[in-house]
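Residue numbers (this note's numbering): 508 to 1132. For glycine and all other residues, C-beta sits at the position ideal for the given N, C-alpha and C. For reference, the structure discussed in these notes is given below.
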């Protein structure tokens, strides 16, 4: 019988034959896995009296997470359960051994009765490393003291500086009823955020080029990615894009499909070929934009066709297994300005299409590609995408703060009732995800009572809704030439106007020295009167996508004055509370937010520090440092 520890056949392994392995997997890595660990009093009689109802609690939690938490491509996360109720050191070790085989990255303790909290925690130290996210749910009822165990247990974790989230219903619970909305909301928030932490770990950010126009956000801080997120970074010079175009190292069949797809949009060419660098024709400009898009995808995720010698010979490129692999990147950024765009088309087609939920291959999980290689914005887009279960994210310039008074002065139109707090003109050079050309909530019946995760799951489950989304986005989008003053190589910017009334969360990650912080503000889009919108377009840039957004509970001036840099990112839905929980897990302090206090969910250790986010994050330090 062969053992897992048998000596490898090194001669066989050394044969110099390489292929593109596992082409069916876009991103390699463990699917996020959450463990559910039921606990109980181990005394004879007490254990037996609690067993059935303890397992019933665990079953409810299992079903809740399994049915509601998804990865970015729509797959359910893994949920595993301890082989038996844990009540002492040996049962803890058994659970530990099982979890080690399952790739667990987070754990939810479930208890309805008393357990030996500090001893139990000591026995479980090996069950989850300090990188694990921990949560405990203690039943609030009078039959058994689950809530008493919960408080004793979280206190033990606090003393050992092992942050743990505490779920405890404010009302007495009926064990025969479904989980209350309060408990379910907390458990799902923990599970979503813990799954995001696990999914990100061990994957890469791809920097295509370097710093764009002196923008500090595009200074890719390698240690920041490692210390706070457990991520790697890969950098390539932009000459690799040129090289792949010149050597035809891309899939020409996909380029043909992409070009046909681009030309199915309205395209408005206003620049002349003679005015562009190298005198590219309209057709050549469009083709190069699609080639750039395909190459960025290949650099991020790899492409098995590029390793196929027969296909390469047929299509005019030399197959290369190493270059075909990609870098297993879950986010990327393109430098673009200035050096690239002084001679070549900008990346607006690439970024707008890859960041969307669809392209020439139909509906699919969005790629995350940050404009101007702003890695801090790319990081936020990555997190927003995962927390929402795959919703596209919108990169934007924080272009202008318009108060009602400034709008009235410029246009004569009084908008004080429409947007009393003013609006931020969120606009960029044409790289925003095309999904923001419509209100996706209106696609789903009953969406006004649904979370953004529920809305997106409904769209993902219905091909007709996906077709409607794509058709409406295409109808509302026009690709337009770039301003040659800034983009001598020209380009095609996506132009659309986001509808009003969309709940939308803005967020931004910032570096202060070696400290990573986060800003997150909820609000909604505003549909401005036509005269106002036309004026803002005319005095800014009429070729760029535009989204007018107003923050909740603060003025647009306060938002623009307090946000860090010139870029932010945005998500459909109100997900500020999820961002706060996620940041607490990774010890990233939140420097600005407008989330209601009742929705903030952090580990109990924060309470020991007076809920001072900065103090506790400084005490704990980055989780992977």
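When C-alpha distances from residue 701 are compared across 770, 744, 584, the shortest belongs to 584. In the three-state DSSP reduction, residue 638 falls in the coil class, being neither helix nor strand. The continuous alpha helix (DSSP H) containing residue 799 extends over residues 789-808. Within the DSSP bridge table, the entry for residue 1002 names 985 as partners. Residue 965 and residue 916 have their C-alpha atoms spaced approximately 44 Å apart.
By the criterion of a C-beta distance shorter than 6 Å, residue 994 is surrounded in its chain by 848, 853, once the five residues flanking it on both sides are discounted. With contacts defined as CB atoms closer than 7 Å, residue 1011 and residue 984 fail to qualify as a contacting pair.
Between residue 715 and residue 841, the gap from beta carbon to beta carbon is short of 7 Å. Contact check between the region 723-738 and the region 695-712: three or more CB pairs, one atom from each, fall below 8 Å, which counts as touching. In the DSSP assignment, the residues bridged to residue 870 are 865. Taking 7 Å as the cut-off, the Cβ atoms of residue 899 and residue 863 count as close. When C-beta atoms of the region 990-1009 are compared with those of the region 595-609, fewer than three pairs fall below 8 Å, so the two segments do not count as touching. Around the CB of residue 679, fewer than 16 other CB atoms lie within 10 Å, so the residue is classed as exposed. Taking every protein chain shown into account, the CB of residue 906 has 16 or more other CB atoms within 10 angstroms, so this residue is buried. By a beta-carbon distance limit of 8 Å, residue 1000 contacts residue 986. Their separation comes to about 7 Å. Comparing C-alpha distances from residue 1019 to each of 1030, 1098, 1037 shows the shortest one belongs to 1098.
Boundaries of the alpha helix (DSSP H) harbouring residue 821: 816-822, taken from the DSSP string. DSSP places residue 1056 in no alpha helix (DSSP H) but in the uninterrupted beta strand (DSSP E) bounded by 1053-1058. DSSP, reduced to helix, strand and coil, places residue 1071 outside both helices and strands of the structure shown, so it counts as coil. Assignment of beta strand (DSSP E) within the region 545-605, counting only whole runs of 3 or more residues, yields 585-588 in chain order. As computed with DSSP, residue 1080 is found in a beta bridge with 1011. Rounded to the nearest whole angstrom, the C-alpha separation of residue 809 and residue 835 is 8 Å. If you look at residue 1115, you'll find it in the alpha helix (DSSP H) that goes 1112-1115. When the beta-carbon positions are compared, residue 1088 and residue 673 stay at least 7 Å from each other. For residue 706, the enclosing alpha helix (DSSP H) stretches over residues 688-707. Relative to the Cα of residue 1035, the nearest Cα in the group 881, 1056, 981, 686 belongs to 1056. When DSSP states are grouped into helix, strand and coil, residue 620 belongs to the coil group. Take the alpha-carbon of residue 982 and the one of residue 878: they are about 24 Å apart. Judged by DSSP secondary structure, residue 712 falls within the beta strand (DSSP E) whose first and last residues are 711-715.
Residue 893 and residue 928 have their C-alpha atoms roughly 30 Å apart.
Counting the other CB atoms within 10 Å of its CB gives residue 865 a total of 16 or more, which places it among the buried residues. Per the Cβ contact rule, the region 937-955 is not in contact with the region 553-570 (fewer than 3 Cβ pairs under 8 Å).
In the structure shown, residue 1086 falls within a helical segment according to DSSP collapsed to helix, strand and coil.
Counting only unbroken stretches of 4 or more residues, the alpha helix (DSSP H) elements lying wholly within the region 895-929 are 911-918, in sequence order. Remark: C-beta atoms of residue 1063 and residue 931 approach each other more closely than 7 Å. Separation of the CB atoms of residue 1074 and residue 902 is rounded to 7 Å, and the pair is thereby assigned contact status at 8 Å.
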